[in-house]
Structure formats: structure tokens, C-alpha cells
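Chemist:
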Amino acid sequence: MQSDVERKESAPFNFSILENSANGYDGDVTPLTAFEILSHDAAARLVDVRSSAEWAFVGIPDVSSIHHETIFISWQMFPEMSLNNEFINMLEAAMPDKAAPVLFLCRSGARSMSAARMAKAHGYEASFNIAGGFEGDADREHHRGQVNGWKSENLPWVQQ
268 MQSDVERKES APFNFSILEN SANGYDGDVT PLTAFEILSH DAAARLVDVR
318 SSAEWAFVGI PDVSSIHHET IFISWQMFPE MSLNNEFINM LEAAMPDKAA
368 PVLFLCRSGA RSMSAARMAK AHGYEASFNI AGGFEGDADR EHHRGQVNGW
418 KSENLPWVQQ
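Each number in this note's numbering comes from the position in the sequence shown (counting from 1) with 267 added on.
1. Cα separation between GLN427 and TYR292?
2. Excluding the five sequence neighbours on either side, which residues of its own chain have a C-beta within less than 6 Å of the C-beta of PHE302, listed in chain order?
3. Is it buried or exposed for MET348, if we count other Cβ within 10 angstroms and need 16 for buried?
4. Between SER318 and ASN351, what straight-line distance do the alpha-carbon atoms span, to the nearest angstrom?
5. To which residues of the same chain is MET362 closer than 7 Å at the C-beta, ignoring the five residues directly before and after it?
6. If you reduce the DSSP assignment to three classes, tell me which class PRO423 lands in.
7. Going straight from the alpha carbon of HIS409 to that of ARG384, what length do you get?
8. Do you know how far the Cα of PRO346 is from the Cα of HIS307?
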């Protein structure tokens, strides 16, 4: 298994990790960095861990322009928001290559951080959290999508 430093140096491009792996996963990346990783690494995967209601009513990342498909696996099950006990089994079925980078996304970066930790604990070698998530932190008016996150960085997304 390559260390984080070796993997970063051997990549065909440079990217910054906002936080190191001291938290049980390989680090946090910005949404823009996640998009760049997906753009440059055909094996990398984006896993959206939000609920089905969030996918339907808030929107989903659209990575089709860079020849990727988002993997949708809820970390918590709507409407009870109980932990998805099948999460790791579903991830392994959708992404059997544990050496490929996996980038986890939720609303603001909390659930995806937990998912990144679990993936790392189950052998995924390059498990990243997308800081700020899809909608990011709330602004002063308690609205999301303006401060940080996938939407605020004007990355492609669609409403279903």
C-alpha cells in the first residue's frame, strides 16, 4: 500500500489536501480539487452519501462531462435517518477497486467524513472527504449553497 505522500507524488497532477489523515481517513479536499481528481483519474469515484430526499429535492453533482458517474449510497436512511448498515457492502459492490481514490460528498462534509473513515477502516487506500459538501455551510440568512461547497464553486449539478 502506498503512503499518502507517495500517492500524491505519483499522481499525474498535484492537488492539495486540506487536512491530513490523522482523523482516520486520507484527508479533506475542496469540491474543486475533487472535480480535478475525477478529471485526471479515470479510476477515481465520487460517492454521494446524502439521503434520497436530498438527491431528489436539492440536486446532484453532474460529472458526466468528465466521463464519470456518481455513486449514490446513503450513509443514513431517510426518513428515520438511521445508519445504513449495508453501507460498506454497497460501497464494495459499487467500487471493488480499493486502491482507486474515493471522494465522499454529503450536504456539508460531516456524514461524508464518517463515510471516508469507514471506507479507510475497510481497506480503501485513498479515502477523501469533500469539505463543504454539496451545499456547504449556511450563510447569515441560514441559506446554503453560497458560502462553500460544490454548488458555490459553480461545479456542474442537476436537479432531478
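Think of the CB as a built atom: it goes at the ideal place given N, C-alpha and C, for glycine as much as any other residue.
Quick caveat: nothing in here was measured; it's all calculated off a predicted structure.
Modeler: In brief:
1. One C-alpha to the other measures close to 31 Å.
2. These residues qualify, in order along the chain: LEU422.
3. Exposed, by the Cβ-count rule.
4. Between SER318 and ASN351, the C-alpha separation is close to 10 Å.
5. Taking C-beta separations shorter than 7 Å and ignoring five residues to either side along the sequence, the partners of MET362 in its chain run ARG312, ILE338 and VAL369, following chain order.
6. DSSP places PRO423 outside both helix and strand once states are collapsed to three, so it counts as coil.
7. C-alpha separation (whole angstroms): 28 Å.
8. The alpha-carbon atoms of HIS307 and PRO346 are separated by roughly 36 Å.
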